[in-house]
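In the UniProt record's numbering, the protein residues as written are 1 to 704. For each residue, glycine too, the CB sits at the ideal point set by N, CA and C.
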Amino acid sequence: MAGGLEIDINLISYGSTWVTYSLLGIGLSALLRNRAISLAATVCVSLTAIWGAVVGLGSLLDYPPVKLYQVAEAARNGAWMFMLYNMYGMKLRGSGHFFSTRRWLPWFFAGVVLLLLHLFTLDWALRAFGLPQSLERDFTYFMWLCFSLGTLVLLEQVYRISTTSERWRIKYMCLGLGFIFVYDFLMYTEALILRQLNPVMWQARGAVVAVTAPLIGLSVIRSRIRSPEMQVSRHVVFHTVTLLVAGVYLIFIACVAYAINVMGGTWGGVLQITFLSMAALAFLTVVLSARVRDLVRVWLSKHFFSYRYDYRREWLEFTQTLAESASSTPRAITQAMTKICGSPSALLWMRTEARNFTLIEQWQMADPGPLGDFSSMATWLERTGWIIDLDELRDNPAIYAELELPEALESLPRAWLIVPLMFTDRLQGILLLLKPDIVPALNWEDRDLLKVAGRAAATHLARFQAHADLVEARQFEAFNRLSAYVVHDLKNILAQQSLIVSNAARHRNNPEFLDDVFETIEHSVQRMTRLMAQMRSGVRGEAKEPVELVPLLQRVVDSKSATRPQPEFSPPRADYQVEADSEQLATVFGHLIQNAQEATPPDGRVSINLQPVDGRVKISIRDSGKGMDEYFIKHRLFTPFDTTKGLTGMGIGVVESREYVRSLGGEMHVHSTPGVGSCFTVVLPCAPHLHITIEKPGDVVVGG
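Shown next, in the form of structure tokens:
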């Protein structure tokens with residue numbers, strides 16, 4: 001052993017650090033139990049106490065464990081730096097800064113790994129490359145120098161961006177930590193320059209750290225009433241505890257490895273490497289275990305927080321999962337609900353119109369097949385709104401009085417919770433959650449959170465069902481609309497055929513009449529053929545081709561000339577072309593002319609006018625009939641199946657005409673005065689290749 005006085009100085013100096021920071025840690029633990037102090041500060045204080053104990057007790061050995069000193073110091077410094085980074089990030093929350101998110105965590109842990117590699121592999125690397133061993137000492141001094149400087153910079157940043165009230169709380173902590181790391185900075189700077197540690201500064205270092213404990217304790221007392229922005233999140237607590245456990249584990253492993261190396265004789269090196277490899281493998285196995293992580297989270301929630309859940313985080317994740325439901329709303333619902341309680345799988349049933357429940361999603365499990373009648377269970381769930389714990393139901397069925405579960409559902413392997421999805425007072429769906437690997441004991445928090453989340457999920461499920469019903473209704477509406485239009489066209493064809501039959505007795509020997517008959521029949525066959533094609537395709541009037549308006553209007557006028565009053569049409573000198581289906585467009589004008597004739601007495605007047613307007617063509621159909629009032633035009637004229645013709649009309653002709661005109665990019669306007677007459681104006685865009693110019697009034701020149 002070394003000299004007694006030197007041992008006493010080191011032991012007393014660093015022992016004072018161990019004692020003062022241990023007492024401070026005990027006090028913090030008491031405050032932590034009352035939720036008055038963050039876990040991060042407790043971890044930092046505890047690691048500082050462990051560091052003092054390691055260095056103080058190590059001085060009793062003939063060969064002090066230098067590597068163990070360095071690991072303990074790295075754990076102490078890393079813990080304080082981690083807490084300061086977290087405080088700095090909270091101050092910058094919402095600013096988009098790098099430290100305002102968790103992006104710095106991977107870099108921090110990468111730095112910890114590099115530090116450990118430096119401590120344990122630098123000596124080997126220097127020997128492998130034939131470099132002098134003195135470089136290890138210089139690199140180590142430089143590393144601790146950078147560590148101290150980085151912590152001081154971070155400490156200054158935290159204090160600088162704090163508010164006045166926050167500075168009042170943390171200024172003594174900043175003073176104490178600043179004193180510690182300024183001392184370290186000076187000590188390692190001198191060591192780097194002189195290439196050796198100052199033994200006096202090393203011996204006094206423990207006492208210097210010990211005197212800062214009251215300052216940190218004072219900041220803790222001032223921080224008992226903390227502002228909300230200084231709360232430590234559960235993620236930070238989880239990572240802090242993980243770091244603490246890992247640090248203690250590494251210190252323990254280092255102690256055992258050092259003892260093996262010292263007492264193992266010639267086998268010491270081999271045993272040390274074997275032991276370290278086994279310890280590293282065991283550590284990685286535990287860290288990568290999801291079961292261990294779940295146990296740690298449950299333990300933290302139970303012992304360090306007033307509430308089991310971080311409700312802000314849970315709700316943000318829940319709503320984000322539901323919002324990402326572009327592909328499947330039922331799947332998003334099951335994912336969101338399983339995340340809340342850690343369930344690995346789930347089944348979702350949705351209510352149908354007949355009050356039955358159909359399985360619409362099985363999340364990460366096979367289809368269980370029919371599970372029986374849900375009607376009795378659904379009635380009970382809708383009446384109570386309770387969450388059914390199947391384990392509790394088996395142990396104490398009296399709690400769930402009058403509940404009848406399907407036997408197949410109750411015996412389903414790993415079945416755990418049945419959550420009702422309530423939309424207002426209606427049971428919209430039923431969710432079955434399966435047991436996780438670690439089954440938590442349910443309390444009021446779990447049930448309330450699942451109920452609220454279930455209501456939100458039920459809203460999305462109701463929207464999903466309403467959307468599906470709407471799509472189906474629109475499909476039926478489209479088919480019914482097409483059927484109505486086809487029936488309307490058949491009515492017009494039948495009217496033409498009836499006119500032939502009624503006139504056949506008088507004109508059967510008239511050759512001109514027979515020509516008209518054959519022409520009408522041919523036209524009817526063509527229209528019937530088109531109708532059959534439209535019924536097969538499900539669309540009307542989609543084909544477009546250049547149509548010359550003047551010949552088309554003339555043909556329609558000629559077909560309506562047998563009815564009084566005869567329509568008047570003076571064809572213009574020029575022709576106009578539009579992109580349309582000629583038969584469908586002829587039907588539109590034919591219907592408008594026929595309506596004008598039916599609304600006008602035999603001695604009245606129906607006229608058709610055509611003129612160009614700014615690259616478009618306007619067709620006006622004017623009559624001197626009884627006219628329409630403004631209310632009829634606004635509320636009844638374009639309402640499907642609303643007709644003034646009794647049983648002979650269907651009320652869709654004008655509606656169909658306007659819709660087709662709009663599909664061509666055109667417009668339809670109506671102006672009418674009761675007792676004076678009406679004017680229907682159709683405005684259509686000319687074909688793209690058509691150019692219309694007016695040289696002088698009355699002359700229209702059309703060029704292609």
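Whole runs of the alpha helix (DSSP H) within the stretch 156-236, excluding any shorter than 4 residues: Counting only runs of 4 or more, we get 164-194, 199-210 and 213-222.
For residue 418, which of 431, 598 and 408 has the nearest alpha-carbon? In terms of Cα proximity to residue 418, the closest of 431, 598 and 408 is 431.
What are the partner residues of residue 373, as DSSP defines its beta bridges? According to DSSP, which records beta bridges pairwise, residue 373 is partnered with nothing at all.
Please state the DSSP three-state secondary structure of residue 566. In the structure shown, residue 566 sits in coil (DSSP, three-state: anything other than H, G, I, E or B).
Who are the near neighbours of residue 381 in its chain, counting only those whose CB is closer than 6 Å to its CB and skipping five residues on each side? Cβ neighbours of residue 381 beyond the five flanking positions: 420 and 427.
On the three-state DSSP scale, how would you describe residue 734? Since the first residue shown for the chain is 1 and the last is 704, residue 734 is missing from the structure and cannot be characterised.
Paired residues, beta bridge with residue 671 - DSSP: 679.
Residues in its own chain within less than 8 Å of residue 185 by CB, not counting five upstream and five downstream? Answer for residue 185: 145, 148, 149 and 152, listed in chain order.
From the DSSP output, in three-state form, read off residue 351 for me. In this structure, residue 351 counts as strand in the three-state DSSP scheme.
Residue 196 beta carbon less than 7 Å from that of residue 9: Contact flag unset, no.
In the DSSP assignment, what are the bridge partners of residue 363? Beta-bridge partners assigned by DSSP to residue 363: 346.
Beta carbon of residue 717 nearer than 7 Å to that of residue 21: The chain is shown only over 1 to 704; residue 717 falls outside these bounds and no answer can be derived.
Hey, would you say residue 14 sits closer than 7 Å to residue 78, going by beta carbons? No, they are not a contact pair.
What did DSSP end up calling residue 340 once you bin it into helix, strand or coil? If DSSP states are grouped into helix, strand and coil, residue 340 belongs with the helices.
Distance, residue 357 Cα to residue 94 Cα: Annotation note: pLDDT 49 at residue 94 (below 50); position unreliable, coordinate value reported separately. In this structure, the straight-line span from the alpha carbon of residue 94 to that of residue 357 is close to 44 Å.
For residue 423, which three-state DSSP category applies? Of the three classes helix, strand and coil, the one that applies to residue 423 here is strand, per DSSP.
For residue 661, count the other beta carbons within 10 Å of its own beta carbon; 16 or more makes it buried, fewer makes it exposed. Which is it? Buried is the call here.
Given residue 86 as reference, the closest of 39, 73 and 117 once Cα atoms are compared: Residue 39 is the option with its Cα nearest to residue 86.
May I have the straight-line CA-CA distance separating residue 688 from residue 322, to the nearest angstrom? C-alpha separation (whole angstroms): 48 Å.
Based on the DSSP secondary-structure assignment, which residues constitute the bridge partners of residue 396? Residue 396 pairs with nothing; no bridge assigned.
Output the distance between the C-alpha atoms of residue 209 and residue 285, rounded to the nearest integer angstrom. Those two C-alpha atoms are separated by around 36 Å.
Residue range of the beta strand (DSSP E) that residue 622 falls in? Residue range 616-623 is occupied by the beta strand (DSSP E) that includes residue 622.
Once you ignore the five residues that flank residue 676 on each side, which residues in its own chain have a CB closer than 7 Å to its CB? 627, listed in sequence order.
Taking all protein chains shown into account, do 16 or more other C-beta atoms lie within 10 angstroms of the C-beta of residue 373, making it buried, or fewer, making it exposed? Its Cβ having fewer than 16 others within 10 Å, residue 373 is exposed.
Beta carbon of residue 686, beta carbon of residue 617: below 7 Å? Less than 7 Å separates the beta-carbon of residue 686 from that of residue 617.
Return the chain-ordered list of same chain residues with a C-beta closer than 7 Å to the C-beta of residue 18, the five sequence neighbours on each side being excluded. Listed in chain order, the non-local C-beta contacts of residue 18 below 7 Å within the same chain comprise 49, 52, 53 and 56, local neighbours out to five positions each way being set aside.
Under the three-state DSSP convention, the category residue 604 falls into: Residue state, collapsed to three classes: coil.
Pick helix, strand or coil for residue 416, following the three-state DSSP scheme. Under the three-state reduction of DSSP, residue 416 is assigned to strand.
Could you please give me the residues that DSSP links to residue 358 through a beta bridge? According to DSSP, which records beta bridges pairwise, residue 358 is partnered with 350.
Could you give the DSSP three-state label for residue 111: helix, strand or coil? Note: residue 111 maps to helix in three-state DSSP.
Under 7 Å between C-beta atoms of residue 578 and residue 499: In this structure, residue 499 does not lie closer than 7 Å to residue 578 by Cβ.
Between which residues of its own chain and residue 699 is the CB-CB distance below 6 Å, once the five residues before and five after are set aside? Reliability of the predicted coordinates at residue 699 is poor, the pLDDT of 41 falling under 50, and the value obtained from them is presented with this limitation in mind. So no residue of the chain qualifies.
With a CB to CB cut of under 6 Å and the five nearest residues on each side skipped, what residues in its chain are close to residue 464? Answer for residue 464: 329, listed in chain order.
Using 7 Å as the threshold, is the C-beta distance between residue 567 and residue 604 below it? 7 Å or more divides the Cβ of residue 567 from the Cβ of residue 604.
Below 8 Å on the Cβ atoms is my guess for residue 457 versus residue 333; work out the distance and round it to an integer in Å. Contact holds; Cβ gap of about 5 Å.
Hey, out of 213, 471 and 132, whose CA is closest to residue 172's CA? Considering only alpha carbons, the answer is 213.
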